[in-house]
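Protein chains: 2
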Amino acid sequence: MLSNSFVKRLVDIVGETYIEQSEASLLAYSYDATPNFQSKPDIVVTPGSTTEIAQIVKLCTEYQVPIVPRGSGTNLAAGTTPTQGGVVLLFTRLDQILELDEENLTITVQPGVITKTICDTVEARGLFYPPDPSSMKISTIGGNINENSGGLRGLKYGVTKDYILALEVVLPNGDTIRTGGKLAKDVAGYDLTKLFVGSEGTLGIVTEATLKLVPMTESKQTLLAIYESIDQASKTVSSIIANKMTPATLEFMDQPTIKAVEEYAHLGLPTQAESVLLIEQDGPVEVVSKDIKLIAELCKAEGAIEVKTAQTEEEANQLREGRRSALSALARLSPTTILEDATVPRSEIARMVRAINQIAAKYDLNIATFGHAGDGNLHPTCMTDARNQDEWERVEKAFEEIFAYAIECGGTITGEHGVGEMKSPYLEWKVGEAGLAAMKNIKTAFDPHNIMNPRKMFAKDTRKRITL
Amino acid sequence: MLSNSFVKRLVDIVGETYIEQSEASLLAYSYDATPNFQSKPDIVVTPGSTTEIAQIVKLCTEYQVPIVPRGSGTNLAAGTTPTQGGVVLLFTRLDQILELDEENLTITVQPGVITKTICDTVEARGLFYPPDPSSMKISTIGGNINENSGGLRGLKYGVTKDYILALEVVLPNGDTIRTGGKLAKDVAGYDLTKLFVGSEGTLGIVTEATLKLVPMTESKQTLLAIYESIDQASKTVSSIIANKMTPATLEFMDQPTIKAVEEYAHLGLPTQAESVLLIEQDGPVEVVSKDIKLIAELCKAEGAIEVKTAQTEEEANQLREGRRSALSALARLSPTTILEDATVPRSEIARMVRAINQIAAKYDLNIATFGHAGDGNLHPTCMTDARNQDEWERVEKAFEEIFAYAIECGGTITGEHGVGEMKSPYLEWKVGEAGLAAMKNIKTAFDPHNIMNPRKMFAKDTRKRITL
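Note that the protein sequences, when read in sequence, are chains E and L. Numbering-wise, the first sequence is residues 1 to 468 according to the UniProt record's numbering. Numbering-wise, the second sequence is residues 1 to 468 according to the UniProt record's numbering.
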């Protein structure tokens with residue numbers, strides 16, 4: 001419960017218009033895209049400038065009120081749920097592209113800009129911003145920065161972190177700092193830029209960012225390879241890499257995912273196939289043709305029963321959109337959908353998919369798996385019903401086993417979705433007791449009163465590590 | 001002065017053989033490649049394992065003795081000088097390549113491995129480790145990691161940080177942690193890997209690293225463009241980028257550098273030219289040919305009086321080696337050579353080079369400039385004599401003005417050499433008071449007793465900011 005004086009001072013900072021306290025508003029911001037982590041904030045505020053944000057942060061520090069910065073709330077690990085109440089801080093008024101610098105190949109934006117708007121803006125100038133999270137049509141760049149979002153082009157182009165050159169950040173003590181610059185190289189002190197990217201809003205509030213752009217690729221080709229076994233698909237991934245190629249996209253879908261996508265999007269996908277790979281290459285025309293031809297041969301050599309190359313951009317786009325719609329397609333099948341994010345070294349994909357299927361069978365659960373095969377980043381997705389207590393317990397146990405197995409394979413509990421509150425009990429499994437202590441020390445150094453997105457990343461208790 | 005009990009316990013850890021205390025040894029490790037920062041350590045130790053390093057760190061914490069981790073000592077910012085005495089820790093016994101994983105495209109190494117050994121090892125397998133600091137024939141990968149070393153291929157391929165996937169680190173409290181993994185994506189907690197890379201040995205001791213490799217490029221071509229003015233060379237850089245090309249190398253040398261290199265290496269360089277660009281492109285044969293042809297046209301369009309394309313790999317190698325030898329060539333000309341590392345946005349190169357020349361004239365100094373034009377990373381190099389007190393004071397003033405001007409241009413005080421002790425009084429100019437405070441908080445969180453490479457990065461006092 002917020003004190004009247006706190007609310008009054010908050011109104012003084014941003015104005016009555018930009019405060020929401022109605023039950024409807026509080027409910028609207030009580031959850032993100034993660035099931036089962038609903039919790040109402042005490043107030044929702046929409047500041048209009050960095051100066052206002054700095055004042056809000058100082059006020060929250062004074063009153064020890066939690067702040068949860070929130071983009072579009074597409075987070076899948078309960079990273080933007082106000083589980084400790086407090087202030088939800090929105091960026092809808094900070095949605096401007098501030099500068100497109102074509103000489104230095106950078107774009108400077110406010111955190112509330114939609115990711116796809118950035119992509120479209122730079123593409124119109126022959127430039128390219130590669131990170132493309134599946135939610136890019138609605139996610140904000142500020143959210144992408146907080147979560148270090150990945151996407152379908154990660155294998156060749158990397159993730160959000162690889163494209164953030166400079167940040168303006170309001171620290172928990174109310175100071176505003178600027179990190180980095182329009183610089184290809186900068187080693188002046190610790191790399192605060194890369195520390196903030198992916199810190200899930202726990203260290204400060206990003207209020208401006210300068211992004212690196214690259215020249216737009218000349219051409220692109222898309223291919224779909226259809227398999228009767230997951231192993232063959234997985235071996236194809238290794239074979240492509242071993243042949244010294246780096247495709248722009250190298251995506252995997254298993255049979256349940258293919259079926260759901262086909263029912264949802266009617267693309268003519270082979271619903272009887274055990275798995276498909278969606279592969280794209282981009283670059284100069286001659287290179288793309290050569291690579292796609294060789295990739296098609298490798299797919300066949302590894303046992304693909306069919307390899308289709310998209311003949312038109314429309315056809316290619318349909319295939320891409322099919323893959324992008326996997327979560328929406330699966331989400332239609334049950335009241336609750338849990339999309340996980342286990343990541344393993346590329347060489348371990350087949351082993352990991354087999355383990356996921358065994359774990360699903362063991363706990364009698366319906367799990368479909370798709371993901372970024374080139375990155376070893378798999379999204380096992382459980383169709384369930386959170387109201388079914390017995391099944392829910394089995395879901396939790398199954399995912400615990402999946403995390404443990406991913407770590408066993410040299411992998412991690414999250415490749416691109418973040419830890420949030422959902423996976424915080426498992427962070428120690430990946431980083432160890434000493435690693436977690438080091439992270440907590442960083443958190444305390446920046447935010448001694450723990451007001452910045454509290455309870456995210458760091459759990460009250462670590463789950464007991466499962467022995468496989 | 002170390003206590004007898006400290007030395008005895010150190011001997012217990014590593015054995016008598018791996019301790020050096022002779023005057024000759026202490027002198028040998030009293031400096032790195034930076035002039036004027038000589039200071040003797042109290043003892044030199046060469047541990048043989050991570051376990052021994054952890055024990056040494058705990059011992060040093062107990063006795064509050066500084067530890068300076070040191071690779072080959074090629075640092076140019078007094079980053080590895082034991083200016084507070086204590087223990088110099090060498091990695092010569094930790095010089096093994098532990099694994100080359102061709103399926104996941106990684107190599108795992110101990111910190112004492114020479115950078116070029118890594119390059120040669122992976123190239124023999126058709127793979128490529130791109131970071132190539134000029135000192136790569138003698139520098140160690142551990143040193144490269146501590147300094148986040150750059151090199152000639154930074155524009156297209158990035159720097160050391162972009163290739164470090166996982167680390168083993170001994171923390172100042174004696175804990176050993178493992179960060180990251182053989183993973184293209186990992187967002188489990190704060191990115192400790194990228195925080196340690198470039199932290200100049202102030203946060204812990206890197207004892208193992210897993211590096212990302214990429215497929216070896218198919219072909220490479222090298223071109224030398226000769227100019228009568230620096231502006232024309234600089235405009236060529238912008239023009240190449242504006243034409244959506246990213247050369248693998250885009251290096252600049254001014255006339256004094258060209259002259260020195262020619263006298264040193266006898267490559268037939270045009271010593272009358274105001275400046276030259278050394279440009280390389282790599283990739284598939286057809287792409288390289290097309291790019292080099294277009295680049296040659298752009299050079300001529302911007303006013304190059306001559307454009308030479310290397311006809312053989314030997315000729316290309318000579319040009320590369322010529323550029324790599326710039327520091328050695330200039331260093332022969334005077335008793336003391338100060339090589340600086342100011343970096344600006346690419347669009348500001350011409351302005352920055354003009355400013356350097358004006359500052360050199362103002363202080364009556366002999367400054368040659370070369371560097372990574374594509375990255376905006378310039379190395380103004382002053383030929384001087386540290387024994388000439390009057391001139392030395394002018395050198396210091398000139399470099400202060402160069403730093404201030406670089407920051408004025410949106411640049412930084414160091415692009416790839418690090419802050420070390422030499423540039424620590426200027427760090428606040430770049431990162432601001434609040435930014436510096438945030439960095440000091442991180443340092444304290446990891447190393448409360450300030451035993452890890454003390455006095456590096458953080459100065460006792462910040463210099464008064466020059467107003468231009």
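Every residue gets a Cβ at the ideal spot worked out from N, C-alpha and C, and that includes glycine.
Paired residues, beta bridge with residue i - DSSP
| i | result |
| --- | --- |
| residue 282 of chain E | E:220 |
| residue 371 of chain E | E:252 and E:378 |
| residue 227 of chain L | L:275 |
| residue 87 of chain L | L:43 and L:67 |
| residue 440 of chain L | Residue 440 of chain L pairs with nothing; no bridge assigned. |
| residue 127 of chain L | L:215 |
| residue 412 of chain L | L:343 |
| residue 178 of chain E | E:168 |
| residue 452 of chain L | L:67 |
| residue 19 of chain L | L:45 |
| residue 366 of chain L | L:383 |
Residue i, enclosing alpha helix (DSSP H) - first and last residue
| i | result |
| --- | --- |
| residue 12 of chain L | 4 to 14 |
| residue 100 of chain E | Where residue 100 of chain E is concerned, there is no enclosing alpha helix (DSSP H), although the beta strand (DSSP E) it sits in stretches over 97 to 101. |
| residue 315 of chain E | 313 to 324 |
| residue 165 of chain E | Per DSSP, residue 165 of chain E belongs to no alpha helix (DSSP H); it is in the beta strand (DSSP E), 164 to 170. |
| residue 349 of chain L | 349 to 362 |
| residue 193 of chain L | 192 to 196 |
| residue 154 of chain E | 154 to 157 |
| residue 23 of chain L | 23 to 28 |
Within 7 Å, strictly: CB atoms of residue i and residue j
| i | j | result |
| --- | --- | --- |
| residue 257 of chain E | residue 326 of chain E | yes |
| residue 103 of chain L | residue 238 of chain E | yes |
| residue 27 of chain E | residue 41 of chain E | no |
| residue 69 of chain L | residue 89 of chain L | yes |
| residue 407 of chain E | residue 430 of chain E | yes |
| residue 330 of chain L | residue 260 of chain L | yes |
| residue 384 of chain L | residue 395 of chain L | yes |
| residue 66 of chain L | residue 454 of chain L | yes |
| residue 206 of chain L | residue 111 of chain L | yes |
| residue 74 of chain E | residue 30 of chain E | no |
| residue 78 of chain L | residue 371 of chain L | no |
| residue 283 of chain E | residue 217 of chain E | yes |
| residue 386 of chain L | residue 36 of chain L | yes |
| residue 356 of chain L | residue 376 of chain L | no |
| residue 287 of chain E | residue 299 of chain E | no |
Residue range of the beta strand (DSSP E) that includes residue i
| i | result |
| --- | --- |
| residue 212 of chain L | 205 to 212 |
| residue 118 of chain L | Here residue 118 of chain L belongs to no beta strand (DSSP E); instead the alpha helix (DSSP H) covers 115 to 123. |
| residue 332 of chain E | Looking at the DSSP string, residue 332 of chain E is not in any beta strand (DSSP E), and its letter there is neither H nor E. |
| residue 308 of chain E | 306 to 309 |
| residue 109 of chain L | 106 to 109 |
| residue 387 of chain E | Where residue 387 of chain E is concerned, there is no enclosing beta strand (DSSP E), given that its DSSP letter is neither H nor E. |
| residue 138 of chain E | Residue 138 of chain E -> no beta strand (DSSP E), and no H or E assigned at all. |
Environment of residue i [buried if 16+ CB atoms lie within 10 Å]
| i | result |
| --- | --- |
| residue 232 of chain E | buried |
| residue 55 of chain E | buried |
| residue 278 of chain E | buried |
| residue 427 of chain L | buried |
| residue 148 of chain E | buried |
| residue 361 of chain L | exposed |
| residue 221 of chain E | buried |
| residue 202 of chain E | buried |
Members of the region 333 to 357 of chain E near chain L, C-beta cut-off 7 Å: 343, 345, 346 and 347
Within 9 Å of chain L by C-beta, residues of the region 411 to 422 of chain E in sequence order: 411, 412, 413, 414, 415, 416, 417, 418 and 419
Against chain E: residues of the region 91 to 108 of chain L by CB proximity under 9 Å: 101, 102, 103, 104, 105 and 106
Chain E contacts made by the region 233 to 255 of chain L, where a contact means CB separation under 8 Å: 238, 241, 242, 244, 245 and 246
Residues of the region 273 to 296 of chain E whose Cβ lies closer than 7 Å to any Cβ of chain L, in chain order: 284, 286 and 287
Selection of the region 213 to 233 of chain L by Cβ proximity to chain E, strictly under 8 Å: 214, 215 and 216
Within 8 Å of chain E by C-beta, residues of the region 144 to 156 of chain L in sequence order: 147, 148, 150, 154 and 155
Residues of the region 372 to 395 of chain L with Cβ closer than 9 Å to any Cβ of chain E, in chain order: 372, 374, 375, 376 and 377
Chain L contacts from the region 179 to 199 of chain E (Cβ-Cβ distance under 8 Å): 179, 181, 182, 183, 184, 185, 186, 187, 188, 189, 190, 191, 192, 194, 195, 197, 198 and 199
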